[in-house]
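Some notes on the structure that comes next.
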DNA sequence: TGCAACCTTATAGTTAACTATAAGGTAGTA
DNA sequence: TACTACCTTATAGTTAACTATAAGGTTGCA
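Protein chains in written order, with the working numbering: chain P, 61 to 190; chain R, 61 to 190.
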């Protein structure tokens, strides 16, 4: 598939795909004899990973490292472990924060559905303690 | 407390605090007779909320809305509910993605601890399906 | 063959969220 | 009283991550 088709499939811009290639997140793809980039299912997988990793708060730099780990380009086990461990700590605290925000928001929605009750709004409290 | 003390407490820059004030995330604080801003425990709470909401992927615009909801400046229940519901959907999918990334990373750490096994690296798979 | 809709590279512009600088006032201490 | 470390506002610069533009080549179809 061409870059345009890939971009449409994933709802991103073609420029963004080229940008990721420049940044080393995507490897140089095969080309047609007329120099067009060619992509396959694997490219869709990789870009889906990038999109979702971005959504959960990883920088492109982090994502690059994760992809390199996945590609086995990074072989020093200690480095991989260190990186994974520090990310894991962050991920766990993010999950806690998100859960706490989730509870608060669903409480708010419930309160909105019963407009008689005018309970206190606990939004700030949700992420303040702990 | 002064802006400098507040900034130190939360490990952010004084400029950032003033920036948040300009953006409407913090209300105009009291001033000393020499025009210095004065802050209290409540300011710490509010800034802690902002910091953590940012970490879990909210934009400053979203955070402003959440704070306004908290401050009861937004009273139209339907609006609050709509906002909360769309955020809630995003939060839930982020939690799923984070959990899946969490599992993958802890598997990697395990594999690193048993260097004899050279299992496949499932990083990309972690966020591709679903 | 002509033309719209693709593709290429290189480079410049945009947006969000800071971050630094300039120019000057204030407070506490040697 | 002078010095250092604060504070003020306004404005300019930075960084990450795109996003758009310019200038030109390619493909497929009427």
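Glycine included, each C-beta is placed from N, C-alpha and C at the ideal position.
Compute the Euclidean distance between the alpha carbons of residue 91 of chain P and residue 108 of chain P, then round it to the nearest angstrom. By 1-based counting over the first chain, the position of residue 91 of chain P is 31. By 1-based counting over the first chain, the position of residue 108 of chain P is 48. The alpha-carbon atoms of residue 91 of chain P and residue 108 of chain P are separated by roughly 22 Å.
Compare the Cα-Cα distances from residue 86 of chain P to each of P:70, P:94, P:110 and P:65 and report the closest residue. By one-based count along the first chain, residue 86 of chain P stands at place 26. Of the listed residues, the one whose Cα sits closest to residue 86 of chain P is P:110.
Kindly list, in the order they appear in chain P, the residues whose Cβ is closer than 8 Å to that of residue 69 of chain R. Counted from its first residue, the second chain places residue 69 of chain R at position 9. Contacts between residue 69 of chain R and chain P, judged by CB atoms closer than 8 Å, are missing: the closest CB pair is about 14 Å apart.
Name the chain P residues whose beta carbon is nearer than 8 Å to that of residue 151 of chain R? Position 91 of the second chain, counting from 1, holds the residue named residue 151 of chain R. Contacts between residue 151 of chain R and chain P, judged by CB atoms closer than 8 Å, involve 158, 161, 162 and 165 in chain order.
Name the residues in the segment 113-144 of chain R whose C-beta lies less than 7 Å from a C-beta of chain P; which are they? If the cut-off is 7 Å between Cβ atoms, the segment 113-144 of chain R has 113, 115, 116, 117, 126, 129, 130, 132, 137, 140, 141 and 144 near chain P.
Write down every uninterrupted run of the alpha helix (DSSP H) in the segment 119-174 of chain R whose length is 4 residues or greater and which is fully enclosed by it, in chain order. Whole alpha helix (DSSP H) segments, 4+ residues: 120-130 and 137-173.
I'd like to confirm the pairing. Which residues does DSSP put opposite residue 98 of chain P in its beta bridges? As a working note, residue 98 of chain P is residue 38 in the first chain. According to DSSP, which records beta bridges pairwise, residue 98 of chain P is partnered with P:90.
Residue 165 of chain P and residue 158 of chain R: beta carbons closer than 9 Å? Indexing the first chain from 1 puts residue 165 of chain P at position 105. Indexing the second chain from 1 puts residue 158 of chain R at position 98. No.
Could you tell me whether the Cβ of residue 155 of chain P comes closer than 9 Å to any Cβ of chain R? Here the question's residue 155 of chain P lines up with position 95 in the first chain. Taking Cβ atoms only, chain R reaches closer than 9 Å to residue 155 of chain P, which makes this a yes.
Indicate whether at least one CB of chain P lies closer than 9 Å to the CB of residue 105 of chain R. In the second chain, residue 105 of chain R corresponds to position 45, counting from 1. Yes, contact with chain P.
Please decide whether residue 147 of chain P counts as near chain R, where near means a Cβ-Cβ distance under 9 Å. For the purposes of this step, residue 147 of chain P is taken as residue 87 along the first chain, with counting starting at 1. Chain R places a beta carbon closer than 9 Å to that of residue 147 of chain P, counting this residue as a contact.
By the 10 Å Cβ neighbour count, where 16 or more other Cβ atoms means buried, how is residue 98 of chain R classified, buried or exposed? Here residue 98 of chain R refers to the residue found at position 38 when the second chain is read from its first residue. Counting every other CB atom within 10 Å of its CB across the protein chains shown gives residue 98 of chain R a total below 16, marking it as exposed.
CB contact flag (residue 163 of chain R, residue 187 of chain R, <9 Å): Locating residue 163 of chain R in the second chain gives position 103, counting from the first residue. Locating residue 187 of chain R in the second chain gives position 127, counting from the first residue. No.
Taking 9 Å as the threshold (beta carbon to beta carbon), is residue 168 of chain P in contact with chain R? The count along the first chain starts at 1 and reaches residue 168 of chain P at position 108. Yes - at least one Cβ of chain R is within 9 Å of the one on residue 168 of chain P.
Are any of the Cβ atoms in chain P nearer than 9 Å to that of residue 108 of chain R? To locate residue 108 of chain R, count along the second chain from 1; it is residue 48. Judged by the 9 Å Cβ criterion, residue 108 of chain R is in contact with chain P.
Any contact of the segment 124-131 of chain P with the segment 67-84 of chain R, i.e. 3+ C-beta pairs under 8 Å? Flag = no, the segment 124-131 of chain P and the segment 67-84 of chain R do not touch.
Going by C-alpha to C-alpha distance, which of P:113, P:138, P:154 and P:100 sits closest to residue 67 of chain P? Within the first chain, numbered from 1, the residue matching residue 67 of chain P stands at position 7. Of the listed residues, the one whose Cα sits closest to residue 67 of chain P is P:100.
Along chain P, which residues have their Cβ under 7 Å away from the Cβ of residue 184 of chain R? In the second chain, the residue the question calls residue 184 of chain R occupies position 124. Neighbours of residue 184 of chain R on chain P, chain order: 105, 106, 109 and 130.
Answer yes or no: does any C-beta atom of chain R fall closer than 9 Å to that of residue 173 of chain P? In the first chain, counting from the first residue as 1, residue 173 of chain P sits at position 113. Closer than 9 Å: yes.
Measuring CA to CA, which of R:146, R:70 and R:122 is closest to residue 84 of chain R? Position 24 of the second chain, counted from the first residue, corresponds to residue 84 of chain R. Out of R:146, R:70 and R:122, R:122 has the C-alpha closest to the C-alpha of residue 84 of chain R.
When you compare each of P:189, P:150 and P:144 to residue 248 of chain R by their alpha carbons, which one comes out closest? Since the first and last residues shown for chain R are 61 and 190, residue 248 of chain R lies out of range.
Compute the Euclidean distance between the alpha carbons of residue 139 of chain P and residue 70 of chain R, then round it to the nearest angstrom. If you number the first chain from 1, residue 139 of chain P lands on position 79. If you number the second chain from 1, residue 70 of chain R lands on position 10. The straight-line gap from Cα to Cα measures roughly 30 Å.
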